[in-house]
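FYI, the numbering for the sequence shown is 8 to 247, going by the numbering used here. Before any comments, here is the structure.
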Amino acid sequence: MLRRHYHEREVLLSILQDPGLKDLVEAAALMPPNQSLQRLEELKTKRDRLNLDNKEDNEEQTYIFEEAGAIRTAGMIRTLTQDRGCTVSQEEASICLLAEMQDLQDAELAHLFSRIHDLSASDLSTDTIEEVKAEKNNYSNNVMKVFSKFDGVDNESFEKLVNKKYRCLLSLLVKESLYQQYGGRRSWAKQSQKQKTEASSALLAKATEHWDAVVVVVVVVVVVVVVVKQRGSVFSTLDL
Numbered sequence: 008m009l010r011r012h013y014h015e016r017e018v019l020l021s022i023l024q025d026p027g028l029k030d031l032v033e034a035a036a037l038m039p040p041n042q043s044l045q046r047l048e049e050l051k052t053k054r055d056r057l058n059l060d061n062k063e064d065n066e067e068q069t070y071i072f073e074e075a076g077a078i079r080t081a082g083m084i085r086t087l088t089q090d091r092g093c094t095v096s097q098e099e100a101s102i103c104l105l106a107e108m109q110d111l112q113d114a115e116l117a118h119l120f121s122r123i124h125d126l127s128a129s130d131l132s133t134d135t136i137e138e139v140k141a142e143k144n145n146y147s148n149n150v151m152k153v154f155s156k157f158d159g160v161d162n163e164s165f166e167k168l169v170n171k172k173y174r175c176l177l178s179l180l181v182k183e184s185l186y187q188q189y190g191g192r193r194s195w196a197k198q199s200q201k202q203k204t205e206a207s208s209a210l211l212a213k214a215t216e217h218w219d220a221v222v223v224v225v226v227v228v229v230v231v232v233v234v235v236k237q238r239g240s241v242f243s244t245l246d247l
């Protein structure tokens, strides 16, 4: 999954940092909101009909991403400009779109962690095969999810968005640690509610002492990498 997530971020950034995107964004900005929404729906439907195992269809997906990315970027710039009361650059909009991608990917990862103990060896094998295929054939489903969204962004800042998702991940890791300490899920389930609450609170408090510093580093690194990549840096192969 992490390899697929990295590939999806690369695809997203390749679209957002394409020099030709600026002209497409300017054209998309002239479209009325209802027309933009309609066009995004059309592009999403068109992509859903593609056979991404086919090379020609995969190339068609790139064209769809380019147009949808331009429309979404224009919409993001419009929304942020209205919210902040000042002009927002295309680069700032790109960072917000990457934040949405990270949001989707964090949710997928959290979902995997929540069910991993219930997966059989066969399930894990099947999931692995599907993940490898998705990366190899450039499915990039999360890219289309980001580009086809049209409800703007939350009032949360980029830092708060990443903070929220990483705290969710921290909560899951604390839970898994407690399972290990008490000898598994069944043993943990036998503990009293008071014991569960006290153990969870103590471990979460201890973990949180070191967590805020980690979150700040993650936010700064992600933002720096996005900006550097958009300027053609040699760090384009960096995997966060």
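Idealized CB from N, CA, C, for every residue including glycine.
Query: Kindly give me the distance between the Cβ atoms of L23 and S101, rounded to whole angstroms, as I take these residues to be in contact under 8 Å.; Result: 4 Å
Query: According to the Cβ coordinates, are R54 and M151 closer than 7 Å?; Result: yes
Query: Would you mind giving the Cβ-Cβ distance between Q89 and V32, rounded to the nearest angstrom? I have them listed as a contact below 8 Å.; Result: The pair is not a contact, with the Cβ atoms about 17 Å apart (cut-off 8 Å).
Query: If we ignore side chains and look at the alpha-carbon of each, how far apart do L19 and L105 end up?; Result: 8 Å
Query: Using beta-carbon positions only, say whether A141 and A77 come within less than 7 Å of one another.; Result: no
Query: Three or more C-beta pairs closer than 8 Å, one from the region 179-192 and one from the region 117-127: is that the case here?; Result: yes
Query: Apart from the five residues just before and just after D64, which ones in its own chain have a Cβ nearer than 8 Å to its Cβ?; Result: L57 and N58
Query: Cutting at 8 Å between CB atoms, please list the residues of its own chain near Q187, excluding the five before and the five after it.; Result: none
Query: Just how far apart, CA to CA, sit T86 and K203?; Result: 44 Å
Query: Kindly indicate which three-state DSSP category L87 falls into: helix, strand or coil?; Result: helix
Query: Measuring alpha carbon to alpha carbon, tell me which residue in N149, V95 and L177 is nearest F72.; Result: N149
Query: Under the rule that 16 or more other beta-carbon atoms within 10 Å means buried, what is Q42, buried or exposed?; Result: exposed
Query: Compute the distance between the beta-carbons of L47 and S155, then report whether it is under 7 Å.; Result: yes
Query: I need the straight-line Cα distance from V226 to Q109, nearest angstrom please.; Result: Here V226 scores only 45 on pLDDT, less than 50, and its place in the model should not be relied on; the value that follows carries that caveat. Answer to the nearest angstrom: the Cα atoms are 11 Å apart.
Query: With C103 as the anchor, note down where its alpha helix (DSSP H) starts and where it stops.; Result: Q97 to R122
Query: Please state whether the Cβ-Cβ distance between E138 and R16 is less than 7 Å.; Result: no
Query: Under the rule that 16 or more other beta-carbon atoms within 10 Å means buried, what is E163, buried or exposed?; Result: Because the pLDDT of E163 is 47, which lies under 50, any placement of that residue in the model is unreliable, and the number read from its coordinates should be weighed accordingly. Result: exposed.
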